[in-house]
Amino acid sequence: MSLAWVRYTSCSGCQLMLTNCEAQLAELAMQVELREFDLISSACAEKGRVDLALVEGSVSTPTELDSLLDLRARSRWLVAIGACALTGGINALAGGAERPEPGTFPPQPLRRFVRVDWEIPGCPPERSELLSLFGALRHGGWPARLECAVCMECRIAENRCLLMEDRLPCLGPVTRAGCRARCPGVGVACEGCRGEVAEAHRDEVFRLLAGCGLPSREVRRRLGRFRGNGHD
Amino acid sequence: MNAGFLPMPARIVAIEPLDRDHRLFSLRPAQPFDLRPGQFVEITIPGVGAFPVSACAPVAAGLLTSCIRRAGRVTEALFQLESGALLGVRGPFGNGFPVETFYGSDPLLIAGGLGIAPLRALLHALLAIPERVGRITLLYGTREPGALLFREELAGLAATGRIDLRLSVDFAEELSLEEWGVACEVGLVNDLLRAVTFDPARTVAALCGPPGLYRCLIEELARAGIPPQRIFATLERRMRCGIGECCHCVTGGVFLCREGPVFSLDRLRSMEGAI
Amino acid sequence: MPWPAFPSIALQPDEVGRLFSALASGRLMFGPRPGSDGSCRLQPLPEIPAHPGAAQPFLSLKKFLVPDGDPLWAWTSERYAGPPPPPRLTVVDLPLCDLQALAWLDLVFAEDPPYRARREALLVVGAPCQPAADCFCDPAGLLPGGDLFRAGTRWWALSPVGEALLVRAAGPGNLAGEPLPGPEPGGAVPTVDPARFAGSAGDPLWDEAAARCLACGACSAVCPTCMCYEVVDDPRLDGTVTRRRVWDNCFFPEHARVAGGHDFRPGRGRRLRFRFEHKYLGFGPWRGLSSCVGCGRCRRACPVGISLEEVAGRLARGAGP
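Chains as they are written, first to last, in our numbering: chain A, 11 to 242; chain B, 305 to 579; chain C, 83 to 403.
Below you can see the structure in the form of structure tokens.
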């Protein structure tokens, strides 16, 4: 399987999550043929057809957009990796309030422009999810996941509830699980980096967060942070 | 076949495309097994997942034959596989159609869309015992003519007088079905039902189709005089365990995977949310 | 109503010593212990505490018996193989509500091979606890499951395995039926009239009760008798696969959705009604058997304060217009 890892507006943190899987890298190297992956290899082959394109980051310049359209055209599968690629992520936090850099536009998620075959959420994404993507593709399919909220995994981990017991503005109830409640597990309120669950009860979670003493404006900002700023 | 969660290895031995999103898969499980019409199995693609499916033909020569629609993550992966691939099969699960209830009757089979698949298995089981059943009628409706599955086979059965076949489609640019010598209406399966004559006292009905089909048709059969205990429908639900544990398929307090998926109308009437 | 009677005996110190060795031999031991955050969990114990002290843990025995992510099989070199044998465990000092919940799990998973393997490798010892303000015990509910029960120097055999352990420690013939010294019943599991429930499908009660529901799944996750599960494949890079059973939840949008997208149980109101039905009326062969044990975990875990007991009260009073 030929692989291109391409990065647009982002911090490279998603690639690092994969390159940090030291124990699995040898196995991975046997499975994939690296065509483009700046962080791993400078020996870049011709930009030809690839089986799998993994794309990190949001799109915020015309050059990135051209590159994305070209990548889509020459990829069998295109997978969006991480919060920036899915919703604009951290890059979109400025929300267009400030004057944009010349030659840029507000950061956009990939699916604004191209068909995305699969998504791996998170800032950064979970290593386990990156690895099961390769694992499942070996068998010709996409990996399974249970669509639910972080609260479910947080209770399974028997964590103390930060929202109810400490009145911390935790986004667990409306955030897609899969991280095994990594942040609440160490006492940090969920920031919602994996994006919003399906059928999220926004009104109720707004009330809960406001009940933690946050002003409405701040609650709205937190809830919108990884929602894609209304692109959907 | 086997107890517990361990699948039996099963190899794909044939794949026959029916249309863009439907293919006929023949699997050969490692050990002999049987599957009654309307029962279902769980097919596993290791590494991707599993899905429930019924057979569209009686098991013959150790082959499990299913008509599978590309409709989700796992079936999408199945459509990437080729003959020879090794899968897994668990089952059989559920009750299936009570074939003996059809003895001495005029079977009336009503299918909507992919609902033809389990009914075709029942049809073949009934065709195998001509001395025990009377006139077989099949009403079959789909969205458009291209989506009619098994049409050559069904047309052949109709042409030789073995079944009375009526087809309908929701939409059609033009009906170019004359080549098989079978009439096809534009409309709903309900219209087909009104057009056929049957003796309710001699009729046993079996239905399979989307929820809408049951809502519009099943009580109409009862109103036509068929006793509700002789009207059968098979219900589609999310099936995961097949053994009455995981709770996804529960309808009206009943584990459909264990007690169903085939129920008579008199039972269905007492199961909230069944139809 | 008193707690049911089981064969019982007061043990001498040397007999307790023999029993403790039998319970500990070749086994990992767990018991409810408060963590540094004040939350009580089933945690590893170096030894069995000399004095019984039951407390309600955050998660009940289902975390050992149907653990989230439990392997069902592995696929290696084109072969399917069952899971490895489970660890041998002894869990002590469980409160009666959790023993009642264990009885329910034993019932619904009676034919489930992975459950049975884990259950057969598990010894469960109960003890009386001090009920909290937000939970109640109902002796009229499920007959407590488990193997042994202890209070002071007295022991009860709750299962044939438990009885054999007591006989081995104290000799045969000395056991006599004695009610369990459970706490005073603080309440009763709501009785739901099946006819009233059946007639309530169109009642606004359900949507009202679920109006604030986040569908976060916390209630079912902590419930000792909730047991919905999903199965997912865990594929590794080397091509091997483990199929796992993961905890699912009837509040999740995918729970009743079939391939192609049709949802047979849309909306939070219907999903809450489904959970209510499962809890108080039971499904399939267990229709008529309530699996609520009064532990109060669901209410405590709900970020928006939904209480199934209150819903049951409203249903009984005849809510709606």
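Idealized CB from N, CA, C, for every residue including glycine.
> residue 320(C) touches chain A at which residues, Cβ-Cβ below 8 Å?
Replying inline: 37
> So what's residue 156(A) in DSSP terms, helix, strand or just coil?
Replying inline: coil
> Can you pull the DSSP bridge partners for residue 162(C)?
Replying inline: 157(C)
> Shortest alpha-carbon distance to residue 476(B) belongs to which of 402(B), 488(B), 555(B), 550(B)?
Replying inline: 488(B)
>> Short of 8 Å Cβ to Cβ, which residues in the region 520–548 of chain B face chain C?
In response: 540, 541, 542, 544, 545, 547, 548
>> According to DSSP, is residue 314(C) part of a helix, a strand, or is it coil?
In response: strand
> Residues bridged to residue 176(C) by DSSP?
Replying inline: 208(C)
> Can you give the beta carbon distance from residue 211(C) to residue 138(C), rounded, assuming they're within the 8 Å contact cut?
Replying inline: 7 Å
> Are residue 569(B) and residue 522(B) touching if we call contact CB-CB under 8 Å?
Replying inline: yes
> Does DSSP classify residue 381(C) as helix, strand or coil?
Replying inline: helix
>> Out of 318(C), 125(C), 193(C), 175(C), which one is the CA nearest neighbour of residue 37(A)?
In response: 318(C)
>> In this structure, how does DSSP classify residue 317(B) when only helix, strand and coil are distinguished?
In response: strand
> Is residue 167(C) close to chain A, meaning its C-beta is less than 8 Å from at least one C-beta of that chain?
Replying inline: no
> residue 247(C) and residue 257(C): beta carbons closer than 8 Å?
Replying inline: no
> Where residue 41(A) and residue 11(A) are concerned, what is the direct C-alpha to C-alpha distance, given to the nearest angstrom?
Replying inline: 7 Å
> Can you name the residues of chain A whose CB is closer than 8 Å to the CB of residue 385(B)?
Replying inline: 150
> From what residue to what residue does the beta strand (DSSP E) around residue 444(B) run?
Replying inline: 440–446
> Candidates 181(C), 274(C), 204(C): which alpha carbon is nearest residue 232(C)'s?
Replying inline: 181(C)
> Which first and last residues belong to the alpha helix (DSSP H) in which residue 114(A) is found?
Replying inline: No alpha helix (DSSP H) holds residue 114(A); DSSP gives it neither H nor E.
>> Could you tell me the alpha carbon to alpha carbon distance between residue 172(A) and residue 527(B), rounded to whole angstroms?
In response: 59 Å
> chain C beta carbons: is any one of them nearer than 8 Å to that of residue 85(A)?
Replying inline: no
> Under 7 Å Cβ-Cβ, which residues of chain C neighbour residue 158(A)?
Replying inline: 299, 331, 334
> In whole angstroms, what separates the C-alpha of residue 137(A) from that of residue 20(A)?
Replying inline: 18 Å
> From this set, 96(C), 166(C), 146(C), 372(C), which residue's C-alpha is nearest residue 274(C)'s C-alpha?
Replying inline: 372(C)
> In chain order, which continuous runs of the alpha helix (DSSP H) of length 4 or greater are located wholly inside the region 356–424 of chain B?
Replying inline: 377–382
>> Below 7 Å on C-beta distance, what does residue 166(A) contact in chain C?
In response: 150, 303, 329
> With residue 48(A) and residue 89(A) assumed to form a contact (beta carbons below 8 Å), what rounded beta-carbon distance in angstroms separates them?
Replying inline: Incorrect: roughly 17 Å between the Cβ atoms, too far for contact.
>> Report the CB separation of residue 149(A) from residue 184(A) in whole angstroms; it is logged as a contact under 8 Å.
In response: Actually they are not in contact, since the Cβ atoms of residue 149(A) and residue 184(A) sit about 32 Å apart, beyond 8 Å.
>> Spatial neighbours of residue 141(A) within its chain, please: C-beta separation below 7 Å, excluding the five flanking residues on both sides.
In response: 31, 34
> Using Cβ-Cβ distances below 9 Å, what residues of the region 341–357 of chain B are close to chain A?
Replying inline: 349, 350, 351, 352, 353
>> Below 8 Å on the Cβ atoms is my contact criterion, and I expect residue 214(A) with residue 296(C) to pass it. Report the Cβ-Cβ distance as a whole number of Å.
In response: 6 Å
> Do we get a CB-CB distance below 8 Å when we pair residue 154(A) with the residues of chain B?
Replying inline: yes
> Taking the C-alpha atoms as reference points, what is the distance between residue 433(B) and residue 310(B)?
Replying inline: 35 Å
> Among 446(B), 458(B), 561(B), which residue has its Cα nearest to the Cα of residue 425(B)?
Replying inline: 458(B)
>> Output needed for residue 227(C): all residues of its chain with C-beta closer than 6 Å, excluding positions within five of it in sequence on either side, in chain order.
In response: 181, 184, 185, 188
>> By the DSSP assignment, the beta strand (DSSP E) with residue 235(C) in it spans what residues?
In response: Run containing residue 235(C): none; DSSP gives neither H nor E here.
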